[in-house]
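Engineer: Here the protein sequences line up with chains P and B, keeping their order. Quick note: the first sequence uses our numbering, first residue 1007, plus one each step. Quick note: the second sequence uses our numbering, first residue 1007, plus one each step.
Number of protein chains: 2
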Amino acid sequence: MHAFDVLGDPVRRRILELLATGEHSSGDVVAVVQREFGITQSAVSQQLRILRDAGFASVRADGTRRIYAVEPRRLREVDDWLDRFRAFWLPRLDALATEVARGKRKRRHRE
Amino acid sequence: MHAFDVLGDPVRRRILELLATGEHSSGDVVAVVQREFGITQSAVSQQLRILRDAGFASVRADGTRRIYAVEPRRLREVDDWLDRFRAFWLPRLDALATEVARGKRKRRHRE
DNA sequence: CGCTAATATTAGTTTAGTCTAATATTTATG
DNA sequence: CATAAATATTAGACTAAACTAATATTAGCG
């Protein structure tokens, strides 16, 4: 599943925004999303699964709870895809500064 | 229409990739997309319209041709949305370097 | 072990998006 | 001005994604 397909859904984006602030249990996520979108626990759980399967989030068990965390790999793909457009809004940034700021070379070759 | 909804479609992403390399006529875009996706001129034209309407692309007339160009505004929105995740893959980059590299403060306040 | 809390899964319905086929519009040209 | 070339639009068919309702699973606890 392409990164952008995953991010195309507002509920999934909201969940990721929440996870960006730190780990959260499934119940926490359900509470927030339910309040804001008015959908069922089932629907939220399904979206969490999509995020897991697509590699945007990871889970660990804590008793009967499931603790979700953001998994940055796929989000960096999006960041990389944007590279081809950065010249449009960062026209006068020299090459070295770009390399330093975005850690591009290392990232690309290391993993 | 949310930026990510627009980018959720592979044809639209491909068109933007093409426009990232410079202006192209509708016909050029149709040729490339048709070869790679096997869809009709009509379908491509509809996608171009979506990109226009959503502010991802602009058009100008050149005789009977329509010349498309990428419009960076909406793509920067995506870049901005990613800010909240950058700490995950740029953990030791100091604040000033980030500001310089991403031109964030200026961008946010100017428009 | 039986019950409760937390979460996940499944089946089926609804909805939104993308496509094709057909047609319309616009500009240039003989 | 009639025709052709380039592109856009419309209506309707098809598909994939997201939802609900119901049920299943798993862990902790008395």
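Beta carbons: idealized from backbone N, C-alpha and C, even for Gly. These numbers come from a predicted model, not from an experiment.
1) Assign P/Q1052 to buried or exposed, taking buried as 16 or more other Cβ atoms, counted over all protein chains shown, within 10 Å of its Cβ.
2) Would you call the region 1055–1071 of chain P and the region 1078–1098 of chain B touching, i.e. three or more CB-CB distances under 8 Å?
3) Could you name the residues of chain B that P/F1043 contacts, counting a contact when the two beta carbons are closer than 9 Å?
4) In whole angstroms, what is the alpha-carbon distance linking P/V1076 and P/P1016?
5) Is it buried or exposed, P/R1111, if we count other Cβ atoms within 10 angstroms and call 16 or more buried?
6) Give the DSSP-derived three-state secondary structure of B/D1015 in the structure shown.
7) For the candidate residues P/E1029, P/E1023, P/L1022, P/G1014, whose alpha-carbon lies nearest to that of P/Y1074?
8) Just curious, the alpha helix (DSSP H) that B/A1060 is in, first and last residue?
9) Please name the residue or residues paired with B/V1065 in a DSSP beta bridge.
Structural biologist: Per the coordinate set shown:
1) By the neighbour-count rule (16 or more Cβ atoms within 10 Å), P/Q1052 is not buried but exposed.
2) Here the region 1055–1071 of chain P does not lie against the region 1078–1098 of chain B, with fewer than 3 beta-carbon pairs under 8 Å apart.
3) Result: empty, since nearest Cβ-Cβ is about 14 Å, beyond 9 Å.
4) 16 Å
5) Confidence at P/R1111 is low in this model, with a pLDDT of 49, below 50, so its placement is unreliable and the value that follows should be read with caution. So P/R1111 counts as exposed.
6) coil
7) If we check each option's Cα against that of P/Y1074, P/E1029 comes out closest.
8) Counting along the chain, B/A1060 falls outside any alpha helix (DSSP H), and DSSP gives it neither H nor E.
9) B/Y1074
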